[in-house]
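Residue numbers (UniProt numbering): 1 to 330. Yeah, the Cβ is synthetic: ideal placement off N, Cα and C, and Gly gets one too. Comments concern the structure below.
Here's what the structure looks like:
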């Protein structure tokens, strides 16, 4: 049977980026099976794992054997000096790491629930929406948590959160990086629109194909094919090439041109609402379904407490309708 943990190991174990929280039972402290295997895979040595956990080598070998017997597969290949993972061992390690990480995050969230976050929080957001909608929420967050230093940047293109040392990004569209996690916080339908002045002069398109003969305003973003507009028919994405009279990488500029009567534009529901309601813009082909670009909060998988608090607050505001999550027209 394993001995108790020595005082120099104390109640927690640190190996590289892993932070192990030993499981306490009535007789002794010992690492969970998942944590034991993560450490074994990291050190590539049964004797090394045994020393780190204050186990005897036979006890470490027995523990591995119990895990393998329970699963009915071999997890490691053993030599006299080291171990290497089998394909099944690689799978076990991947899931074990995820589970241990989630448990750690849960414990940190619960432990930190009574503490106000503090420190530096770096946020990135999409240009127009960040300026008009997220900036006021950042202001609210700063009032609620005065110990947090917030650095808020808006950009027209997605940024690399890891390279840029951002804690979170608030942007439209799908997950750009597999190293990140995401939480959807707002639905975002998009519509074709034009000003009454333009439609009176050039006529109202009656079919999607008619757009090819109209003046269109292009909002250039990311690496979308220039002048190609996509729409959905029977769950399939179709595309049409349109003629651009004006284009910009700034959505607010493109919207201004549409208001001035320069052509047909695709804009998000949240941005169009007040202009449609006031009559300054009309929906074009309103029954045409365009691919949505829902709003997500992206964040590195290992978030700090401050970032978690901000994500939580943004999500709460989304549910309450503050982020224009409602539909403006039927």
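Could you pull out every residue in the same chain whose Cβ sits closer than 6 Å to the Cβ of residue 33, ignoring the five residues on either side in sequence? Excluding positions up to five away in sequence, the list reads 67.
Within its chain, find whatever has a CB closer than 8 Å to the CB of residue 207; leave out the 5 residues flanking it on each side and keep chain order. 285
Buried/exposed call for residue 287, threshold 16 Cβ in 10 Å: exposed
The alpha helix (DSSP H) spanning residue 138 covers which residue range? 135-144
Which whole-angstrom value describes the C-beta separation of residue 215 and residue 264, a residue pair presumed to lie in contact below a C-beta threshold of 8 Å? 7 Å
Would you kindly report the start and end of the unbroken alpha helix (DSSP H) that includes residue 179? It is not in any alpha helix (DSSP H) - residue 179 carries neither H nor E in the DSSP assignment.
What does residue 298 pair with, by DSSP beta-bridge criteria? 169 and 182
Any 3 or more C-beta pairs closer than 8 Å across the segment 249-263 and the segment 117-136: yes
Check whether the Cβ atoms of residue 167 and residue 249 sit closer than 8 Å, and answer yes or no. No. Outside cutoff.
Taking the alpha carbon of residue 147 as the reference point, which residue from 134, 121, 58 and 96 has its own alpha carbon closest? 121
Spell out a yes or no on whether the segment 35-53 and the segment 75-87 are touching, meaning 3 or more CB-CB pairs, one atom from each, closer than 8 Å. yes
Taking a contact to mean a Cβ-Cβ separation below 8 Å, would you say residue 124 touches residue 159 in this structure? yes
Excluding the 5 residues flanking residue 228 on each side, which residues of the same chain have their C-beta closer than 8 Å to its C-beta? Within the same chain, Cβ atoms closer than 8 Å to the Cβ of residue 228 are found at 239, 240, 241 and 242, the five residues on either side in sequence being excluded.
Mapping the DSSP letters down to three states, classify residue 119 as helix, strand or coil. The answer is strand: DSSP assigns residue 119 an E or B state.
Run the CB neighbour count on residue 58, radius 10 Å, all protein chains shown included, and call it buried at 16 or more, exposed below. exposed
What whole-angstrom Cβ distance do residue 262 and residue 218 have, given they're in contact under 8 Å? Their Cβ separation, rounded to whole angstroms, is 11 Å, which puts residue 262 and residue 218 out of contact at 8 Å.
Which residue marks the beginning of the alpha helix (DSSP H) containing residue 67, and which one marks its end? 57-71
Where does residue 76 fall in DSSP's three states? strand
Going by DSSP, name the residue or residues bridged to residue 191. 267
Best match in 97, 100, 96 and 74 for proximity to residue 88 [C-alpha to C-alpha]: 74
Completely contained alpha helix (DSSP H) runs for the segment 219-263, where each covers 4 or more residues: 251-259
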